[in-house]
């Protein structure tokens, strides 16, 4: 085996760029995630924990609310240790309270995307065997319809209890404030719904005054069962223990030099593993304050950052792109921001450079999956590279290997990213075959197969080349859509772009770009984009077809759903 081929497996190359004073490994605390709130409450009882519109919630109030709801879950809903409880809410104090109340009751959180419809929700009732669900009033009708379907087909698996909250339940005086949010939000923030007999209103549960038994869940008990979107078949539950999540909570706090003085913007959806980690768990671990946004709106974000002097913002890059494109951006004071980072998609190089030049901010890109409790890789905050996944995270061994032979790839050679670390999940819920297929043994260690293609540079930094199955083969030339998208972002008329393959009678496959134009560049033609591409990228990468659209389809976490566009193209 050549030296070049073996070099990427060397776990020390990137340590030359490791943040100073940061440990390379950390011992995960032998406590549950619930213990973090218990400890922080005793340390910082009267500090602001979360801000939600006109409501500031202290750690004392948060702790009290969690205790009350945990009592209701155990005594009324009958939740026992290890039971799965579905949680489907927009970002809100209720999400935080419900999540920690489930943990306090020694049960398992099943976070569900609020964008799911009734037909999809049946899977989140039957697969984890959830007897209890906690949902927003805006989502209650879909859950009731889903449960009716389950009750008709699998009556022994139907929900027994549905807890429903209006978002204004946790606002000052229990009502909507006069403003601070788009008018379109008013309809769902205080929506009242008709509820079946098995449903309970949030205020009734919180007012019951019930007490939970002493917590007994330990670090290796199951804590959360988030579901992956899946490339085929139904979504799969990822089994995470308190310990696997806790590792990235503690590491995330250390990596960003976190302290109780941090003020973060919690806008990435909390059902998503990234929003869950940085909008929920890390602030509670630190005793810091998080400003909650229930949905994305660029001008609301700008006002909140300015008003509350937000210092830390973990995001999906499309959020920053959108904020900077706002005609009102000059009115917002972003000077308080000290740390910005995120993942899910590459931050366009032109946008990253603008952030550095205009605001002095280095965007810290990271990489991870639901299976790795968010980060398995992150850029060192003091030495980030643009459009780069970063280096293997605290305590993590990651490599790039040939997906067929598992042999290590040479520096710069594309292969599959595999991951070994304390944050890696314990397998897929009740799916042994999928679990076995997800892991391989290399050098006596078990590695998770990410299904993502990447490469490692000479400094040990990882770069995405694409999803394993997302390559376009055009007359034998391999085209990686993510690379073409990054190049298209440099065009001054392009706001967003998604590259997919389309059938070609001569090349077999060819490149198609689906583009959202900037508002001030709506006169741009497809031919102008193609001509520009010819001048800025290799000929085989140039989109032969350009389609304009008003918006790209996005998941609840803000990622562009390229598969939806690809499936439409393939079946059209």
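Residue numbers (my numbering): 619 to 1190. We put the CB at the ideal spot given by N, CA and C, even for glycine. None of these values were measured; they are calculated from a predicted model.
No Cβ-Cβ contact shorter than 9 Å links residue 964 with residue 805. The stretch 814 to 884 is shown to contain whole beta strand (DSSP E) runs of 3 or more residues at 817 to 819, 840 to 842 and 881 to 884, in chain order. Around the beta carbon of residue 679, a 10 Å sphere encloses 16 or more other beta carbons of the protein chains shown; the residue is thus reported as buried. Under the three-state reduction of DSSP output, residue 1060 falls in the strand class. When the alpha-carbon of residue 1159 is set against those of 1091, 1173 and 1111, the nearest one is in 1091.
Here residue 661 carries a helix assignment [DSSP, helix/strand/coil].
Rounded to the nearest angstrom, the Cβ distance from residue 884 to residue 893 is 7 Å, consistent with a contact under 8 Å. When the alpha-carbon of residue 1070 is set against those of 1064, 1081 and 898, the nearest one is in 1081. The stretch 776 to 785 and the stretch 694 to 701 touch, with no fewer than 3 CB-CB distances between them shorter than 8 Å. Cβ atoms of residue 747 and residue 725 stay farther apart than 8 Å, at about 12 Å. Look at the stretch 679 to 767 and you find these whole runs of alpha helix (DSSP H), each 4 residues long or longer: 711 to 722 and 736 to 744. Scanning 814, 714 and 922 for the CA closest to the CA of residue 895 turns up 714. Contact between the stretch 1052 to 1068 and the stretch 984 to 995 is present: 3 or more CB-CB pairs across the two stretches fall below 8 Å. Residue ranges of uninterrupted beta strand (DSSP E) with 3 or more members, entirely inside the stretch 960 to 1027 and ordered along the chain, are 981 to 987, 992 to 996 and 1015 to 1019. Residue 688 places its beta carbon less than 9 Å from that of residue 722. At a Cβ-Cβ threshold of 9 Å, residue 876 and residue 661 do not count as neighbours.
Less than 9 Å divides the Cβ of residue 632 from the Cβ of residue 1009. The criterion of a C-beta distance shorter than 9 Å is satisfied by residue 854 and residue 846. Residue state for residue 1103 is assigned as helix, using DSSP reduced to three classes. Using a 10 angstroms sphere on the CB of residue 946, the tally of other CB atoms stays under 16, which defines it as exposed. In the three-state DSSP reduction, residue 797 falls in the coil class, being neither helix nor strand.
If you draw a straight line from the Cα of residue 1128 to the Cα of residue 1122, it is about 6 Å long.
Annotation for residue 901: no beta strand (DSSP E) segment contains it, though the alpha helix (DSSP H) segment containing it runs 900 to 904. Runs of the alpha helix (DSSP H) lying entirely within the stretch 1138 to 1182 and spanning at least 4 residues, in chain order: 1144 to 1154. For the pair residue 867 and residue 734, the CB atoms are not nearer than the 9 Å cut-off.
Look at residue 638 here: in three-state DSSP terms it is coil, with no helix or strand label. Contact between the stretch 1034 to 1043 and the stretch 1012 to 1021 is present: three or more C-beta pairs spanning the two stretches fall below 8 Å. Excluding its 5 nearest sequence neighbours in each direction, residue 809 has C-beta neighbours in its own chain below 7 Å: 755, 756 and 784, listed in chain order. Buried is the label assigned to residue 787, since at least 16 other Cβ atoms lie within 10 Å of its Cβ. Under DSSP, residue 781 shares a beta bridge with 752 and 818. Put simply, the backbone Cα of residue 647 is about 13 Å away from that of residue 657. Cβ contact annotation for residue 1031 (same chain, cutoff 7 Å, sequence separation greater than five): 1073, in chain order. Going by C-alpha positions, residue 938 is about 12 Å away from residue 952.
The residue from 970, 890 and 1136 with its alpha-carbon nearest to that of residue 708 is 890. Beyond the five residues adjoining it in sequence on each side, residue 986 comes within less than 6 Å, by CB distance, of 992, 993 and 994 in the same chain, given in chain order.
For the 9 Å CB-CB criterion, residue 1112 and residue 1136 form a contact.
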